[in-house]
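The structure under discussion appears below in the form of structure tokens.
Protein chains in written order, with our numbering: chain A, 6 to 268; chain B, 1229 to 1521.
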């Protein structure tokens, strides 16, 4: 699904923020991306959602070289990727429903069917009464849920989430994690960047740990020998207590507007 | 063409381009006036030159009335016999007085003025008259007979006509150029204002063409809206000019008529403005997006 080989990345003429990154993510796998602030998590995610090109190295996604792919071909890859941005990146002039429907409309979906699915998903993430609200009138947690709904509405092949449970209460955080796990079970490769080590331990997935631009891969259950507790600022994040019986109702069946694009 | 997705803020919230329809209105107004001016002058000048290009004027300035009458008859006969001359007509005193009145004033053309006899000669459009031969034959009759084929005056007039028409076209070209520049600035400003929105659309898988379409549709609307308003202003101006020019003619000059057919041609100007806006916006967006990652 995703293959990085000796990838380096720098902004302009500055020193590399990512150094010799190599890994391979299998289809349908779930990984956490951890590391202290400034370690390069967001930069690595940027490479994965094709917002930036590497300075060196080779990246293969969906069985194709994406480093040398022309701009014209990038949208077809991007449509297979759902991204939850740390700063949400919603369009302020569109309603919650319109924001969530965007990936479907971009993929060519039309009509009331889209709206029905979008409303169903928004209700499921607890935003039933806020569907026609615009982002400036939503709280941080509500914006985050809209951003998550937008990322998963098309049941992407690859889901990248940057601190997806950072701004929501534990109940909603559990629901969101449950949604991610459900999507993962359905075959979506998932990478979740987080500082929340409780969440990481709870889910028990493999971990990609970044320190100063260098990547270490840690299998589920293994501890990292050189990991320092002070690498993480636990005080800022609420940890959802995941319990398999406490996931709530099964999530919606996501819409797939451009089945032809999928692998 | 890519399908349409609504993602730009409403026009009323679009600070960068909110005033663009007014600018387009001014541009359409100026270009429609330049175009109409060019067309009116072309038609008016064309009518004047058509009238004169196959005409020949013969003046007989002999002082002795009897000799002059004989010379008139002789020249008339000579011209009528010349191949390519269709009609020879002597202007009567009243017609000559009418020609002189704009300069001398009504009632001031009296019999004691040394007014020559004038022959109005119409030449065939298809058969060319050898004017040099006619000139030499007329000179054998009398030195007081003068031929004027208006070519010297027409040559200068045609040069002036060309200059005026090219000036009108030049103005039109400059207005179109300015419009293109304004649309480019407007598009770039709007893209800068919506940079984040465009980046999000890219992340969600939007193609450049989809983003360009949103801009080209919007700028086409600006062109149409501004163009319609500018055209309305143009018609108001033209109707006012027609009304004012009615009292100006006074027999001295012939004011070119307002060509109705050409007036309808102006209807295409707003559509042309919309087309220019649309194409310019599309090219600008595609070029700018092409420089992104």
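Ideal Cβ placement from N, Cα and C applies to all residues, glycine included.
Would a check of beta-carbon distances place residue i closer than 9 Å to chain A?
i                       : result
residue 1429 of chain B : yes
residue 1433 of chain B : yes
residue 1233 of chain B : yes
residue 1520 of chain B : yes
residue 1237 of chain B : yes
residue 1517 of chain B : yes
residue 1243 of chain B : no
residue 1424 of chain B : yes
State the DSSP-derived secondary structure class of residue i, mapped to helix, strand or coil.
i                       : result
residue 1236 of chain B : coil
residue 1245 of chain B : helix
residue 1278 of chain B : helix
residue 1374 of chain B : strand
residue 1507 of chain B : helix
residue 1323 of chain B : helix
residue 1351 of chain B : strand
residue 158 of chain A  : coil
residue 166 of chain A  : strand
residue 14 of chain A   : strand
residue 1272 of chain B : helix
residue 1304 of chain B : helix
residue 69 of chain A   : strand
residue 1285 of chain B : strand
residue 1399 of chain B : helix
residue 146 of chain A  : helix
residue 64 of chain A   : strand
residue 1345 of chain B : strand
residue 44 of chain A   : coil
residue 1451 of chain B : helix
Can you give the Cα-Cα distance for residue i and residue j, rounded to whole angstroms?
i                       : j                       : result
residue 216 of chain A  : residue 24 of chain A   : 10 Å
residue 1263 of chain B : residue 1499 of chain B : 15 Å
residue 1252 of chain B : residue 1451 of chain B : 6 Å
residue 1418 of chain B : residue 1378 of chain B : 59 Å
residue 26 of chain A   : residue 1237 of chain B : 40 Å
residue 1254 of chain B : residue 1469 of chain B : 18 Å
residue 1315 of chain B : residue 1361 of chain B : 18 Å
residue 1346 of chain B : residue 1406 of chain B : 53 Å
residue 154 of chain A  : residue 1232 of chain B : 22 Å
residue 1512 of chain B : residue 1428 of chain B : 19 Å
residue 21 of chain A   : residue 40 of chain A   : 17 Å
residue 237 of chain A  : residue 124 of chain A  : Residue confidence for residue 237 of chain A is low, a pLDDT of 38 falling below 50, so the modelled location carries little weight; the figure read from the coordinates is stated next. One C-alpha to the other measures close to 36 Å.
residue 1363 of chain B : residue 1397 of chain B : 40 Å
residue 218 of chain A  : residue 1517 of chain B : 30 Å
residue 117 of chain A  : residue 90 of chain A   : 27 Å
Compare the C-alpha of residue i against each of the options and name the closest.
i                       : options                           : result
residue 80 of chain A   : B:1458, B:1430 and B:1333         : B:1430
residue 8 of chain A    : A:61, A:67, A:20 and A:39         : A:67
residue 199 of chain A  : A:171, A:99 and A:211             : A:171
residue 1456 of chain B : B:1238, B:1245, B:1260 and B:1246 : B:1260
residue 1462 of chain B : B:1307, B:1474 and B:1497         : B:1497
residue 151 of chain A  : A:192, A:88, A:186 and A:193      : A:88
residue 1520 of chain B : B:1435, B:1387, B:1404 and B:1414 : B:1435
residue 46 of chain A   : A:117, A:189 and A:14             : A:14
residue 169 of chain A  : A:162, A:139, A:163 and A:182     : A:182
residue 54 of chain A   : A:137, A:213, A:30 and A:165      : A:165
residue 1491 of chain B : B:1432, B:1331 and B:1466         : B:1466
residue 1507 of chain B : B:1311, B:1312 and B:1442         : B:1442
Could you tell me whether the Cβ of residue i comes closer than 9 Å to any Cβ of chain B?
i                      : result
residue 116 of chain A : no
residue 122 of chain A : no
residue 154 of chain A : no
residue 16 of chain A  : no
residue 79 of chain A  : yes
residue 83 of chain A  : yes
residue 168 of chain A : no
residue 103 of chain A : yes
residue 98 of chain A  : yes
residue 94 of chain A  : yes
residue 188 of chain A : no
residue 175 of chain A : no
residue 88 of chain A  : yes
Checking the sheet assignment: what are the DSSP bridge partners for residue i?
i                       : result
residue 1408 of chain B : Answer is none; residue 1408 of chain B lacks a bridge partner.
residue 304 of chain A  : Outside the displayed range of chain A (6 to 268) lies residue 304 of chain A, so it cannot be described from this structure.
residue 37 of chain A   : A:197 and A:212
residue 1315 of chain B : B:1350
residue 87 of chain A   : A:164
residue 219 of chain A  : A:216
residue 77 of chain A   : Residue 77 of chain A pairs with nothing; no bridge assigned.
residue 23 of chain A   : A:14
Residues of chain E with CB under 8 Å from residue i, in chain order?
i                       : result
residue 1438 of chain B : Among the protein chains in the structure shown, which are A and B, there is no chain E.
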